[in-house]
Amino acid sequence: MGFFDKIKAGLTRTKENIGHSLDNLFAGDLDDDFYDELEETLILGDMGVETTMKAVEALRSRIRSEKVKTPEDGKRCLRDILCELLEVGDPALCTEGSPAVILFIGVNGVGKTTTIGKLAARLKGEGKRVLMAAGDTFRAAAADQLSIWSERSGVEIIRQHEGADPAAVVFDALTAAKARNSDVVLIDTAGRLHNKQNLMHELNKISRVIDRECPNCVRETLLVLDATTGQNGLIQAKQFQESAGLTGIVLTKLDGSAKGGVVISIADTLQVPVKFVGVGEGIDDLMPFQARDFVEALI
């Protein structure tokens, strides 16, 4: 099953929430009532007020300038606009150089460890030598959970005891990666947000270790978000963006969410590309994000 089919299946609940309303809307006249109802529908799909207003105003302007008359052409315009809102950077994961370092951040329970395991399996399947670093040393059994994914994906893991210094784990992992000629190092981190100062301190310490041990490496900082949290996920994303600086978003549990519109809201608000979406429980259910297919599946 390709991306389009999986994303279409994953967006079933969101489509049930807003897709049918959009179908009904575009079956009528493109008048003022249409725009009012379109705003309400997109907000209900968790696109957020600001992003929704931007999209609706852009649609109003495009319909006027292109003299759009038919509902299908109106839909096409909306799809194009939503794609433009999503295309805010390169969605491809950068793994050039040896080793490339990918740091995963996000609160507990969003599927961060599972995402790392799935991505490890994907990268190994592409022929890359992958190493995991169990940098979440604060959550009980976090390293054990990552070890299970290490076995499932056939990828080596570097870990220490619970409560160890995360930066020390990262140091060990980078040392091992250089010795073993690894292509990619995937680093898990503690899912704490309640104390931004501690989070910033910890991430800065990890960052210094990476700079010292792999000064010229390509680095990605990916925020993992749970799609079912909707606009709460956007609030989390803003806080992490301030603390860590992000190069990409991974949106998990899209298949269980009726709030898939938050993907557009997050990309537009943060101007950070969505790089992967999780659309199921299987090891191959982490899919590289494709904006056009996502919008086509939604509308």
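Using the numbering used here, read the sequence shown as starting at 144 and increasing by one per residue. Just so you know, even glycine gets a beta-carbon here, dropped at the ideal spot from N, CA and C.
Option nearest residue i by Cα separation, candidates the options
i	options	result
Gln-322	Thr-238, Thr-372, Leu-274	According to the sequence provided, residue 322 is Ala. The question's Gln does not apply to it. Ala-322 has its Cα closest to that of Leu-274, out of Thr-238, Thr-372, Leu-274.
Leu-173	Val-199, Thr-195, Ile-186, Val-192	Val-199
Val-420	Leu-317, Trp-292, Val-253, Glu-215	Val-253
Glu-385	Ala-170, Ile-259, Met-343	Met-343
Asp-331	Leu-202, Gly-391, Gly-249, Ala-243	Gly-249
Ala-430	Cys-360, His-163, Thr-258, Leu-228	According to the sequence provided, residue 430 is Met. The question's Ala does not apply to it. Checked all of Cys-360, His-163, Thr-258, Leu-228; the closest Cα to Met-430 is Thr-258.
Asp-354	Val-244, Asp-216, Thr-238	Val-244
Glu-269	Thr-256, Val-298, Leu-246, Arg-282	Val-298
Other residues of its chain near residue i: CB distance less than 6 Å, five sequence neighbours each side excluded
i	result
Gln-414	Val-231
Ser-241	Asp-326
Ser-290	Ile-300
Residue i, enclosing beta strand (DSSP E) - first and last residue
i	result
Thr-372	Thr-372 -> no beta strand (DSSP E), and no H or E assigned at all.
Leu-236	Unbroken run through Leu-236: none, as it is neither H nor E.
Thr-395	391-395
Residue span of the alpha helix (DSSP H) that contains residue i, given as start and end
i	result
Lys-321	309-322
Phe-177	175-187
Thr-257	255-268
Lys-218	214-229
Leu-413	405-413
Distance, residue j Cα to residue i Cα
i	j	result
Leu-181	Ile-206	14 Å
Trp-292	Ala-263	9 Å
Asn-167	Arg-156	17 Å
Ser-296	Asn-324	18 Å
Asn-375	Cys-360	33 Å
Val-438	Thr-390	22 Å
Beta-carbon separation (whole angstroms), residue i vs residue j, contact threshold 8 Å
i	j	result
Leu-366	Ala-380	6 Å
Asp-369	Lys-396	5 Å
Gly-306	Asn-251	Not quite, the Cβ-Cβ distance comes to about 16 Å (not below 8 Å), so this is no contact.
Ala-410	Leu-266	Not quite, the Cβ-Cβ distance comes to about 23 Å (not below 8 Å), so this is no contact.
Gly-404	Leu-236	Gly-404 to Leu-236, Cβ: 24 Å. No contact.
Leu-441	Leu-154	6 Å
Residues near residue i in its chain [Cβ-Cβ closer than 8 Å; skip 5 each side]
i	result
Leu-187	Asn-160, Ile-161, Ser-164
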